[in-house]
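S.K.: Supplied in structure tokens, the structure appears directly below.
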Amino acid sequence: MRVIYLLLSFMLCFYPVTQAQNTTNQFMTQAQSSLEKKDYTKARYLFLQAYKSLSQKGDYKQAIDAGTQAAYLYYRENYYQEAFDLCRQMNQFILTEEQKLQKSLYEQRFQVTKERLEMYIKLKNAAQAQVQLNTLDNLASQAGDEKLSNNLLYTQAGYYYTFGQNEQGDAAFQKLINQYKEKKEYEKVNDCYRNLISIARKANNAPLMERTYDKYIVWTDSVKALTAEDKLGALQQKYDQSLQTIQEKDDKLSVKQYMIVGLITFVVILIAALLFLGFLLLRFIVLNKKLKKIIQTTNEHSEQQAQFIQNISVQMEPTLNKLSASAKELQAVAPKQAEDVWTRVEALKQFTVHIQELSSLENTLMEPYEVSSFNVGNFSKKIVEKVKGDIQPEVNLVTDVPQLEIKTNAEHLEQVLLHLLKNAALYTSSGNIRLDFKRKGAHVCQFIITDNGTGIPDDLKENLFKPFNEAKDLAQGDGLGLPICALMASKLNGTLSIDKEYKKGCRFVLVLQI
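With mature numbering (1 follows the signal peptide of the UniProt record, and there is no 0) applied, the sequence shown covers -20 to -1, 1 to 494.
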């Protein structure tokens, strides 16, 4: 009786798991069936349900397959906002799974990014499509996976042809075809030409379609000769192998008396090979331990460096404070020299603060800031109020920021914008300083700071965001403000750059993923 009770309990425990698995499988099966019947609304709903169920179970491969199908069915009917939201959810799910598994899920990130690219291509947004294409290129390179690399070449060709960049499209397409030719995968070459014809048809690109048809006809004729040549080569190889087999048998018959010696020699060689492999394995283990130790040492050195910088700053602070106080005491005796000393001491204090901040940002660069939603219009008004005191009388401060909600870290965004605006105020004696906000997509925005000041020489723009690229007089600034802002921008999931084409002053562009 007790055994029967235990069996029933075991069955009741596993029944919900089995039932959930069956439900998920039903969602996927019904979704595929609805898709084949072109019932897109129902298919989308079922793919969404499958994605939610699979993601809850942590089945990231099937979950992303279902999610990307649902995203495609959204933007197929021009529901772009829903598609972008779903892609963002999938990215968050992938990040969570990566943290659990302690590995990068390149293939799943590639799938989601590719769906974003297809949406931007459909929206004819070449700039954002290029951003996604670059992301795909990075993912394929990092993954080192042939399947992703081939998929990337297909995607690149489609992007270039869609936006009329036929030369780049031909280059990507030809590279893919050459890979298949080298492997003698002729049917995949046929598929490439058919897919390219389909791309040209969708893009209404008649010249591309005509050119591809011509190449396809030439390939169809040549592949027959290649196939025949391969078959002939295979037959020749079999014939050569047969001759070799016959020769080997003749040799065996003629040297049968030496078989035992040969076997002994083989055993000796095998033992030597095993010993050699054992040596290589042992050497690999030793090198692996050394590598781990080197990595650990490097991390410790990085931590020690940060601690060293902090300790130096702490130890210097009392001395600098005394120097500052001494300079004030000398004010009555030698005011000019005292002012100069005080200015340089304060500059050195600021330099130590910047050094600590720079070191802290570099050590936590992979840790993004926490984000929250706020009104960017009201946010910009507060920044303008804080910087008004630095603006010279003959300079107009102009803003063009709409009343929109964005999601990022307001505190560090304010630090970056304040630094850029104060720099503009410092070097602009007349004219305008502008703060503009532009929405470049569903999840991308720009803050643009423009002034009519003295500008920055072209030879300095290349290393503008690199710290310690030249010796500076600390009294005139340590040059760490912009490198610190660039690191903050990275932790804000964005980039900070200077517009090198703008010649009437200076223009900085802060791009954020929101």
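Every residue gets a Cβ at the ideal spot worked out from N, C-alpha and C, and that includes glycine.
1. Starting from Lys484, trace the beta strand (DSSP E) in both directions and tell me its first and last residue.
2. Please identify the residue among Leu103, Leu85, Glu16 whose C-alpha is closest to the C-alpha of Asn58.
3. For Ile436 versus His334, is the C-beta spacing smaller than 8 Å?
4. Between the alpha carbons of Lys366 and Arg89, how many angstroms are there, rounded?
5. Among Tyr100, Lys80, Ile177, which residue has its Cα nearest to the Cα of Tyr52?
6. Can you grab the Cα-Cα spacing for the pair Ile363 / Val489, in whole Å?
7. Within the continuous alpha helix (DSSP H) that includes Glu57, where are the two ends?
8. Take Thr93 and list the residues in its own chain whose beta-carbon comes closer than 6 Å to its own, dropping the five residues that flank it on each side.
9. Pull the bridge partners of Thr388 from the DSSP assignment, please.
10. Indicate the three-state DSSP secondary structure (helix, strand or coil) for Gln145 in the structure shown.
11. Could you check how far apart the C-beta atoms of Leu26 and Ser14 are, in whole angstroms? I think they sit under 8 Å.
12. Could you round the C-beta distance between Asp438 and Ile428 to whole angstroms and report it? I think they count as a contact, below 8 Å.
13. For a test of the three-state rule: what should DSSP assign to Leu476, helix, strand or coil?
14. Could you give the first and the last residue of the continuous alpha helix (DSSP H) run that contains Asn118?
15. Thr76: which of Leu97, Ala50, Asp39, Ala46 sits nearest, CA to CA?
16. Rounded to the nearest angstrom, how far is the Cβ of Leu34 from that of Ala43, given a contact under 8 Å?
17. Would you list the residues sitting across from Asn412 in a DSSP beta bridge?
18. Nearest-angstrom Cα distance between Gln237 and Glu165?
19. Would Gly485 be called buried (16 or more neighbouring beta carbons within 10 Å of its own) or exposed?
20. Give the DSSP-derived three-state secondary structure of Thr434 in the structure shown.
21. Run the CB neighbour count on Leu254, radius 10 Å, all protein chains shown included, and call it buried at 16 or more, exposed below.
22. For Asn376, does the count of other Cβ atoms within 10 angstroms reach 16, so buried, or fall short, so exposed?
23. Between the region 367 to 387 and the region 342 to 349, can you find at least three pairs of beta-carbon atoms closer than 8 Å?
24. Take the Cβ of Ala186 as the centre, count every other Cβ of all protein chains shown within 10 Å, and call the residue buried at 16 or more, exposed below.
25. Take Leu133 as the anchor and find which of Thr142, Leu261, Ala151, Leu233 has the nearest alpha-carbon.
26. Near Lys480, which residues of its chain fall below 8 Å by C-beta distance, leaving aside the five closest residues on each side in sequence?
27. For Cys425, list the residues DSSP reports as bridge partners.
28. Classify Phe153 as helix, strand or coil using the three-state DSSP reduction.
29. With distances taken between CB atoms, is the gap from Gly474 to Asn105 smaller than 8 Å?
30. For Phe73, I'd like the list of residues in its chain whose CB is within less than 6 Å of its CB, leaving aside the five on either flank, ordered along the chain.
31. Could you check where the alpha helix (DSSP H) with Ile101 kicks off and where it finishes?
32. Could you work out which residue in Phe256, His423, Asn449, Tyr482 is closest to Gln108 when comparing CA atoms only?
33. By DSSP, does Tyr407 sit in helix, in strand, or in coil?
34. Starting from the Cα of Lys195, find the closest Cα among Gln426, Gln154, Ile265, Ala252 and give me that residue.
35. Give the single residue among Thr434, Lys387, Ala390 whose Cα lies nearest to the Cα of Leu406.
M.R.: Here's the rundown:
1. It is not in any beta strand (DSSP E) - Lys484 carries neither H nor E in the DSSP assignment.
2. Leu103
3. no
4. 41 Å
5. Looking from the CA of Tyr52, the closest CA among Tyr100, Lys80, Ile177 belongs to Tyr100.
6. Using only the alpha carbons, I get a separation of about 17 Å.
7. Per DSSP, Glu57 lies in no alpha helix (DSSP H) segment and is marked neither H nor E.
8. Gln112, Thr115, Leu116
9. Ser352
10. coil
11. Yes, they are in contact, since the Cβ atoms of Leu26 and Ser14 sit about 6 Å apart, within 8 Å.
12. No, Asp438 and Ile428 are not in contact; Cβ-Cβ is about 20 Å, not under 8 Å.
13. strand
14. 106 to 123
15. Asp39
16. 4 Å
17. Asn376
18. 47 Å
19. buried
20. Looking at Thr434 - three-state DSSP - the assignment turns out to be coil, as it is neither helix nor strand.
21. Residue environment analysis places Leu254 among the exposed positions, since fewer than 16 neighbouring C-beta atoms fall within 10 angstroms of its C-beta.
22. exposed
23. no
24. exposed
25. Ala151
26. Asp438, Lys441
27. Arg419, Leu492
28. helix
29. no
30. Ser35
31. 86 to 102
32. His423
33. Assigned with DSSP and collapsed to three states, Tyr407 falls in coil, not helix or strand.
34. Comparing Cα-Cα distances from Lys195 to each of Gln426, Gln154, Ile265, Ala252, the minimum goes to Gln154.
35. Thr434
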